[in-house]
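Chains V and Z supply the protein sequences, listed in that same order. Our numbering puts the first residue of the first sequence at 68, with every later residue one more than the last. Our numbering puts the first residue of the second sequence at 68, with every later residue one more than the last. All residues carry an ideal CB built from backbone N, CA and C; glycine is no exception. Predicted model, so just to flag it, every value in this text is computed and none were measured. What follows is one structure encoded as structure tokens, with my remarks underneath.
There are 2 protein chains.
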Amino acid sequence: MSTRGRGLHGHVLDTLGPAITSGEYPPGSVLRTDELAQHFEVSRSVMREAVRVLESMHLVESRRRVGVTVRPKAEWNVYDPQVIRWRLAGADRPHQLRSLTVLRSAVEPVAAGLAAQHATAEQCAELTRCALGMVANSRGHRLEDYLFHDVSFHRVILNASGNEMFARLGDVVAEVLSGRTRHEVMFEDPDPAAVTLHVRLAEAVRARDAVRAEELTREITAGALQELDILAP
Amino acid sequence: MSTRGRGLHGHVLDTLGPAITSGEYPPGSVLRTDELAQHFEVSRSVMREAVRVLESMHLVESRRRVGVTVRPKAEWNVYDPQVIRWRLAGADRPHQLRSLTVLRSAVEPVAAGLAAQHATAEQCAELTRCALGMVANSRGHRLEDYLFHDVSFHRVILNASGNEMFARLGDVVAEVLSGRTRHEVMFEDPDPAAVTLHVRLAEAVRARDAVRAEELTREITAGALQELDILAP
DNA sequence: CGGACATAAAAAGTCAGACTTATACGTCAC
DNA sequence: GTGACGTATAAGTCTGACTTTTTATGTCCG
């Protein structure tokens, strides 16, 4: 999923990216292009392309006579979906998950308010469909199906906000929600209260009630934060 | 500023990036690596590195036997600082400015609330210093100095939130604020009400009053949005 | 002993050319 | 019309030689 046959440099990135974001090469580490090329058994040209990509993510800096140095974490492009995926797959997954959930709690309520103002009839319908799907799969350990509708729901909200910056967070939200059910232990059925909130949110958007939509979303994201505190206090 | 001597491929990006984000090569356009290399008078290896970077930003997709095709705008990594800069420098600057301001209005209030809880004594002091600097330069067309303190103020808030995702938006906010005074016409001195809000926000953070900090920031960002509506309704 | 300056080495950067591989597209047979 | 097949095309890869920049070293002179 992450690396479709993007060629050799993609394969290198799949190994080197996680190695850097996981701290295996801590900030300040110096890598040599030639050595890396040998290590990965690729040509220097391929290795250079990979380094260029890492450089564009501000993960590393390449300087003559010095080598490729890993940049401090604070400078990384942490909004790059690829970086997010690498970090979620690595050691500081819990930390990253919390950061992203806080981000959600800031963005989604505002997005929902805007969605209530700008959603098309089609988007309203889709929203209702997702909410119903969540209800239908909220019992009996149908976690995968529930997740699918949950993700779709939030994607529609973000898209309907009409703000491109919000819309592009759809993948992030999907990643966070998926992780919750797939990586973290999730034996029980989803919280019925959360399901109800989604249904009411769909109604609020359809009713063009921006204030209520925003407030309901605040409750949803507050729940997500609370859930994190329970899992990893 | 954007391109420190990043080598030839950096120069190519500085031309090709804006050309794509500005719509000069609309989505679906097909470019050929060889032709581009000739056009920019660089070797294919350099051109390939540039393409890889554009690919990592999801601006283009490179496929065998087809070429390098420009991806639809909806797939671009719009959080990439480089992409943001390119777009702010191009034709849809107003649109991008609005998107970013809406993003600010979602993120900054929550960040301020967290800052009130987590700011160190040093950060509180820095915040007060910035606020005072804004006051001191709020009259007499000292726009550049005012801007400097304004940007610093918001950076400190975002950093003090303790959330890395928020912290990384410091550059974006800086870009938006700078643009407001430097690109958009800004004859008059800043709104005294806004200055007061910043002073009160610094106080709220120092007093650890998260609710008030959040509310004050909401007023600040609401003002920024309103300002946009006046300039480009 | 110490600072200025020249020198050398190291690593990234650049280029050119040959070769490989995947794939879109056209052709031909059925 | 449909399917199999061949071919042309453009990206992908590799290699080796060369250039450029930056840093470390070492020497000479004060």
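For residue i, the three-state DSSP class (helix, strand or coil)
i                 : result
Gly237 of chain Z : helix
Arg209 of chain Z : coil
Thr248 of chain V : helix
Thr187 of chain Z : coil
Ala104 of chain V : helix
Pro176 of chain Z : helix
Ala274 of chain Z : coil
Val202 of chain V : helix
Trp143 of chain V : coil
Arg73 of chain V  : coil
Glu255 of chain V : coil
Gly84 of chain V  : helix
Gly229 of chain Z : coil
Glu193 of chain Z : helix
Glu91 of chain Z  : coil
Gly157 of chain V : coil
Ser110 of chain V : coil
Met68 of chain Z  : Legend: pLDDT at Met68 of chain Z = 46, less than 50; position of this residue unreliable, value from coordinates given subsequently. Three-state result, Met68 of chain Z: coil.
Ala289 of chain V : helix
In DSSP terms, what residue i is bridged to
i                 : result
Val135 of chain Z : Z:Leu98, Z:Ser129
Chain-ordered neighbours of residue i on chain V, where CB pairs are closer than 9 Å
i                 : result
Asp147 of chain Z : Ser123, Met124, Asn144, Tyr146, Asp147
Under 8 Å by beta carbon: chain Z residues contacting residue i
i                 : result
Glu116 of chain V : Arg115, Glu116, Arg119
Ser112 of chain V : Ser112, Arg115
Proximal residues of chain V, C-beta to C-beta of residue i below 8 Å
i                 : result
Arg285 of chain Z : Neighbours of Arg285 of chain Z on chain V: none; closest Cβ ~10 Å, over 8 Å.
Arg138 of chain Z : What Arg138 of chain Z touches in chain V: nothing, since even the nearest Cβ is about 13 Å away.
Closer than 9 Å at the beta carbon, the chain Z residues around residue i
i                 : result
Glu294 of chain V : Those do not exist, as Glu294 of chain V stays about 18 Å from chain Z at its closest Cβ, beyond 9 Å.
7 Å Cβ cut-off: residues of chain Z touching residue i
i                 : result
His106 of chain V : Residues of chain Z passing the Cβ test: none, with the nearest at roughly 20 Å.
Residue i, buried or exposed, once every other Cβ within 10 Å from all chains shown has been counted against 16
i                 : result
Leu155 of chain V : buried
His250 of chain V : exposed
Val169 of chain Z : buried
Ile297 of chain Z : exposed
His216 of chain V : buried
Gly84 of chain Z  : buried
Thr284 of chain V : buried
His162 of chain V : exposed
Met68 of chain Z  : Because the pLDDT of Met68 of chain Z is 46, which lies under 50, any placement of that residue in the model is unreliable, and the question is left without a value.
His208 of chain V : exposed
Ala289 of chain Z : exposed
Pro257 of chain V : buried
Residues in the stretch 152-180 of chain Z having any Cβ partner in chain V nearer than 8 Å: Ser166, Leu167, Val169, Leu170, Ser172, Ala173, Val174, Pro176, Val177, Ala178
Chain-ordered residues of the stretch 214-239 of chain Z with a beta carbon less than 8 Å from chain V: Asn230, Glu231, Met232, Phe233, Ala234, Arg235
Proximal residues, the stretch 70-93 of chain Z versus chain V, C-beta separation under 9 Å: Arg73, Gly74, His76, Leu80
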